[in-house]
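Numbered according to mature numbering (1 follows the signal peptide of the UniProt record, and there is no 0), the sequence shown spans residues -19 to -1, 1 to 118.
Don't be surprised by glycine CBs; every beta carbon is placed ideally from N, CA and C.
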Amino acid sequence: MRYRLAVVLLLLFAAHALKGVGDSLQFHYADSPFADWGNEAFWNPEESWKAKYARDAAGEPLRPLREDFPGSTTLFVATTDAWHLSQSLQYACLRLAVCLLAVPLLGWRGGWAYLGLYALIWVVQAAGFHLAYTVFG
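In structure tokens:
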């Protein structure tokens, strides 16, 4: 159990480091090291949000907004820009940490228990986001 706790703490550290990356991108991009990495279309949140959507020849999103490719605003959003990638990895770390603690506490065994709980947590998170984003967005 001691090693499991160490892994959980490491996952929580990684999740919050990834949160820091996302916040640095969103609120301090120009002063962050990411501004020096090139590829502003991926790293700069003022530009990178457009990658989710179909764009015209000038690179501006077409109106009304529509996905650039199937899943670019949902399932595969982490592939479109650095902010969504860091957020997706952050949530993955949190889901893994919960699974590592919950599966043994529930008395479940085997890889399917971890995979099933991970998927359930992902669905619950996605449903909560979708509900709030649809209602308030």
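- [ ] Kindly indicate the opening and closing residues of the alpha helix (DSSP H) around Pro26.
- [x] Pro26 to Ser29 is the span of the alpha helix (DSSP H), which, as asked, contains Pro26.
Task: Option nearest Tyr99 by Cα separation, candidates His111, Gly109, Phe110 and Ala83 - done: Closest option to Tyr99, judged by alpha-carbon separation, among His111, Gly109, Phe110 and Ala83: Ala83.
- [ ] For Pro42, write down the residues that DSSP places opposite it in a beta bridge.
- [x] According to DSSP, Pro42 bridges with Arg36.
Open item on the list: I believe Lys31 touches Thr54 by the beta-carbon criterion, under 8 Å. Please report the beta-carbon distance rounded to the nearest angstrom.
Closed with: Between Lys31 and Thr54 the beta-carbon gap is near 12 Å, outside 8 Å, which marks them as no contact.
- [ ] Classify His(-4) as buried or exposed, calling it buried when 16 or more other Cβ atoms lie within 10 Å of its own Cβ.
- [x] Looking at its Cβ environment, which holds fewer than 16 other Cβ atoms inside 10 Å, His(-4) is exposed.
- [ ] Find out if the Cβ-Cβ distance for the pair Ser13, Asp62 is shorter than 9 Å.
- [x] No, these two residues do not count as a Cβ contact at 9 Å.
Task: From Arg47, Leu46 and Ala73, residue whose alpha carbon lies closest to that of Ala59 - done: Ala59 has its Cα closest to that of Ala73, out of Arg47, Leu46 and Ala73.
Open item on the list: Suppose contacts are defined by Cβ-Cβ distances below 9 Å. Is Asn20 in contact with Leu6 by that definition?
Closed with: For Asn20 and Leu6, no; Cβs fall outside 9 Å.
Task: C-beta atoms of Leu(-9) and Leu77 nearer than 9 Å - done: Leu77 is positioned such that its CB atom lies closer than 9 Å to that of Leu(-9).
Open item on the list: Does Trp93 pass the burial test, meaning 16 or more other C-beta atoms within 10 Å, or should it be called exposed?
Closed with: Its Cβ having fewer than 16 others within 10 Å, Trp93 is exposed.
Open item on the list: When you compare the CB positions of Leu(-2) and Leu70, do they come within less than 9 Å of one another, or not?
Closed with: Yes.
Open item on the list: Looking only at its chain, what residues have a beta carbon closer than 7 Å to the beta carbon of Ala(-6), apart from the 5 residues adjacent to it on each side?
Closed with: Correct list, in chain order: Cys74.
Task: Nonlocal neighbours in the same chain, by C-beta distance under 7 Å from Leu81, ignoring five residues either side - done: Within the same chain, Leu81 has close Cβ partners Arg(-16), Val(-13) and Val(-12).
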